[in-house]
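What follows is a short report on a single structure.
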Amino acid sequence: MSEITSDIANLTDVSFGYDESRLILDGISMSFPRGKVIAIMGGSGCGKTTILRLLAGQVTPRLGEVDFNGRSVARLSKKELYAMRRQIGFLFQFGALFSDLSVFENVAFPIREHLNLPEEMIRDLVLMKLNAVGLRGAASLFTNELSGGMARRVALARAIALDPLLMLYDEPFTGLDPISLGVVGQLIRQLNDALGTTSVLVTHDVVESLKIVDYVYFIGKGCVLASGTPEEISHTTDPFVKQFIHGEPDGPVPLHMKAPELSADFFGGAHA
Amino acid sequence: MKMLIEGLRGLGRETQAILTRLGFIARFFVALIRRTPESFVRASLTLREIYFSGVLSLAIILVSGLFIGMVLALQGYDILSTYGAGDSLGVLVALSLLRELGPVVAALLFAGRAGSAITAEIGLMKATEQLDAMDMMAVDPISRVAAPRFWGGMISMPLLAAMFSAAAILGAYAIAVPLIGMDSGAFWGNMQAAVDVRVDILNSIVKSLVFGTLVLLIAVFEGYDAKPTAEGVSSATTKTVVYSSLAILAADFILTIFMFRGV
Ligand SMILES: Nc1ncnc2c1ncn2[C@@H]1O[C@H](COP(=O)(O)OP(=O)(O)O)[C@@H](O)[C@H]1O
Ligand SMILES: [Mg+2]
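In the order they appear, the protein sequences are chains A and B. Residue numbers for the first sequence follow the numbering used here, beginning at 1 and rising by one. Residue numbers for the second sequence follow the numbering used here, beginning at 273 and rising by one.
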């Protein structure tokens, strides 16, 4: 019954909080058009990872709708949810590779779990996926023998093992050296176009991501603060976005946390 | 008055926290049991865990058993012979091992060797988001990670307890017959006559199954429930050893009341 719409996924007026007292997302709406690479940017702790969790059905919104491929994620049974997740690839921030399995077996894991294929076919598939990230030669290594950038790419190979409709990347650039960073960025774009998927990436890395994405959302205070194509974003007049993309220390997001006047703190004696 | 109320409130909160946690454990146990068929359909997963928790615990179980048996023989003979009952050493050794020491000590060793390893392993998988990753790949971590470890351990536990008792009896024999000079026929013959299959051996197996359930449930749950940090994993590992040791000893007391009262 999944109707083909132009968006693979949508958030409609979604509110969400992990506990009663605090809303992380407050009536946010976003759309993720098929075939595009979309970046979600914003300060630490503003709820970027939470958006990915909502899209993958790991948490359900308090208000509003999350839908994937024409179906509301919150209304799926556990079985349907698992069927949906087979169509989603998730790249964790630190890879989350299985430490007791080799590189080959890590990539083979989702294939073995979900498809009943003969061994030679699994082998070909895994080597194909590893080749796509340039690590066919690393198939027999163990995960503790990989550098950070290599681990990220193996995790990427594992995430695309079942040819997902939607790829979710949680901070794919964090902790990588400049070369690996460029490599991972290019891979995200190439894989998106080659596999015909849609990619959503959460990132702080403005420079790297503006090079590869089609659309950007800036998140803050539970809402979308600004959005647009990289072209529009780099010519924006929005003070928050300007501060974020130019990395200015002070602006709408203040450098100093709220505190009493300096003079009061130094000369006024004890804290009130 | 105010202090009294505060104290009662604190007590209530504590009790509630403990009950809530027990509730969580019970629900986890049910979830685990419901995933049982999958652990046996995919036998290779469970076999692997039998290797890790059973085969790798074998050395410590056999060596400890041997020593305990030898000590038991030395002490037991010393006491029994003052009453002129030295010939009953085999009986004393076999009954104390089958009824108590075998299941209890084997379970305590198992908690320290295999239980702590299971908690650390699952906790680490949680801390490094491996369990989340599995869930995101539409693979249920309880049936893929927790249930095989539980059942692998459940199969290993009674076998390890039996091996422990066997090693201990051999250790006792090695002291009693060649060293002390007891008659080998009296050692084995009296033992055979006194050991009852239902009362002693069956109860011994029941005990080790109960202890195994406790140790493995605690080990798997603590790993699953660990805070996803290095400290979280290490404190969960400690908790596994402490809680399962206490649970084993308490359960042993209760089981012994029912099994051997007036037998
Ligand atoms: N499992 C959780 N339970 C409670 N609070 C959480 C949980 N995960 C994240 N949070 C809180 O929700 C907020 C948003 O988290 P997150 O989406 O991870 O932010 P980001 O990825 O943008 O850095 C943070 O303030 C964080 O402390
Ligand atoms: Mg995050």
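For each residue, glycine too, the CB sits at the ideal point set by N, CA and C. Predicted model, so just to flag it, every value in this text is computed and none were measured.
Within chain A, partners of residue i - CB distance below 7 Å
i: E401 of chain B; result: F92, F94, A96
Beta-carbon proximity of residue i to residue j, cut-off 8 Å
i: Q402 of chain B; j: A96 of chain A; result: yes
i: L344 of chain B; j: V365 of chain B; result: yes
i: R385 of chain B; j: S329 of chain B; result: yes
i: I8 of chain A; j: T198 of chain A; result: yes
i: V492 of chain B; j: I390 of chain B; result: yes
i: M342 of chain B; j: G443 of chain B; result: yes
i: T237 of chain A; j: Y215 of chain A; result: no
i: A138 of chain A; j: L146 of chain A; result: yes
i: R62 of chain A; j: S15 of chain A; result: yes
i: G47 of chain A; j: I219 of chain A; result: yes
i: G149 of chain A; j: V103 of chain A; result: no
i: L135 of chain A; j: R152 of chain A; result: no
i: A39 of chain A; j: V213 of chain A; result: yes
i: V327 of chain B; j: A466 of chain B; result: no
i: L52 of chain A; j: V200 of chain A; result: yes
Rounded distance between the beta-carbons of residue j and residue i, thought under 8 Å
i: M426 of chain B; j: G484 of chain B; result: 5 Å
i: P110 of chain A; j: L55 of chain A; result: Their Cβ separation, rounded to whole angstroms, is 18 Å, which puts P110 of chain A and L55 of chain A out of contact at 8 Å.
i: M454 of chain B; j: L361 of chain B; result: 6 Å
i: L187 of chain A; j: V133 of chain A; result: 6 Å
i: Q93 of chain A; j: E208 of chain A; result: Rounded, the Cβ-Cβ distance is 15 Å, inconsistent with contact.
i: S6 of chain A; j: R34 of chain A; result: 6 Å
i: R421 of chain B; j: E321 of chain B; result: 5 Å
i: L369 of chain B; j: A440 of chain B; result: 5 Å
i: A399 of chain B; j: G504 of chain B; result: 7 Å
i: K129 of chain A; j: I160 of chain A; result: 6 Å
i: T512 of chain B; j: S388 of chain B; result: 5 Å
Alpha-carbon to alpha-carbon, residue j and residue i
i: K36 of chain A; j: F382 of chain B; result: 54 Å
i: S2 of chain A; j: F68 of chain A; result: Confidence at S2 of chain A is low in this model, with a pLDDT of 44, below 50, so its placement is unreliable and the value that follows should be read with caution. Going by the C-alpha atoms only, they are around 9 Å apart.
i: I573 of chain B; j: R306 of chain B; result: In the structure as shown, chain B starts at 273 and stops at 535, and residue 573 of chain B therefore has no counterpart that could be examined.
i: S31 of chain A; j: K78 of chain A; result: 24 Å
i: A89 of chain A; j: S21 of chain A; result: Before going further, note that residue 89 of chain A is Gly rather than Ala in the sequence given. Going by the C-alpha atoms only, they are around 32 Å apart.
i: V487 of chain B; j: T501 of chain B; result: 23 Å
i: E393 of chain B; j: P239 of chain A; result: 48 Å
i: Q243 of chain A; j: N192 of chain A; result: 29 Å
i: R285 of chain B; j: R293 of chain B; result: 12 Å
i: Q288 of chain B; j: T318 of chain B; result: 36 Å
i: F459 of chain B; j: D359 of chain B; result: 7 Å
i: A272 of chain A; j: A405 of chain B; result: Its pLDDT being 47, under 50, A272 of chain A is placed unreliably in this model, and the value from its coordinates should be taken loosely. Approximately 47 Å, taken between the alpha carbons.
i: T12 of chain A; j: L156 of chain A; result: 29 Å
i: R470 of chain B; j: S517 of chain B; result: 26 Å
i: P164 of chain A; j: H246 of chain A; result: 34 Å
i: A315 of chain B; j: L23 of chain A; result: 45 Å
i: R371 of chain B; j: D350 of chain B; result: 21 Å
i: Y217 of chain A; j: S325 of chain B; result: 49 Å
i: Q190 of chain A; j: Q87 of chain A; result: 19 Å
i: I290 of chain B; j: S99 of chain A; result: 34 Å
i: E231 of chain A; j: F173 of chain A; result: 21 Å
Nearest candidate by alpha-carbon position, reference residue i, set the options
i: L91 of chain A; options: A:S102, A:T49, A:G64; result: A:T49
i: A410 of chain B; options: A:E113, A:Y215, A:A108; result: A:E113
i: T509 of chain B; options: B:D497, B:A519, B:I520; result: B:D497
i: V202 of chain A; options: A:F16, A:L130, A:L191, A:G45; result: A:G45
i: E248 of chain A; options: A:F94, A:T174, A:V206, A:E145; result: A:V206
i: D26 of chain A; options: A:F244, A:K221, A:L225; result: A:K221
i: A194 of chain A; options: A:R75, A:T174, A:M167, A:L141; result: A:M167
i: D468 of chain B; options: B:L367, B:I490, B:V513, B:M406; result: B:L367
i: A379 of chain B; options: B:M406, B:R299, B:A519; result: B:A519
i: P375 of chain B; options: B:L431, B:S506, B:Y323; result: B:L431
i: A303 of chain B; options: B:R416, B:I351, B:L451, B:L527; result: B:R416
i: A419 of chain B; options: B:M275, B:I490, B:K511, B:A523; result: B:I490
i: A434 of chain B; options: B:N475, B:K511, B:Y515, B:G387; result: B:N475
i: M408 of chain B; options: A:V59, A:L262, A:G175, A:D19; result: A:V59
i: L352 of chain B; options: B:F300, B:I452, B:F296; result: B:I452
i: F142 of chain A; options: A:E105, A:E119, A:H204, A:C223; result: A:E105
Proximal residues of chain B, C-beta to C-beta of residue i below 9 Å
i: R114 of chain A; result: As written in the sequence, residue 114 of chain A is His, which differs from the Arg given in the question. Simply M409, A410, V411.
i: P110 of chain A; result: M409, A410, V411
Residue i: contacting residues in chain B (beta-carbon distance under 7 Å)
i: R86 of chain A; result: A410
i: A56 of chain A; result: M408
i: Y82 of chain A; result: A410
Contacts of residue i in chain A (Cβ-Cβ under 9 Å)
i: A303 of chain B; result: Chain A residues near A303 of chain B: none, gap ~12 Å exceeds 9 Å.
i: D404 of chain B; result: Q58, F90, F92, A96
Beta-carbon neighbours of residue i, restricted to chain B and to distances below 8 Å
i: S99 of chain A; result: L396, M397, T400, Q402
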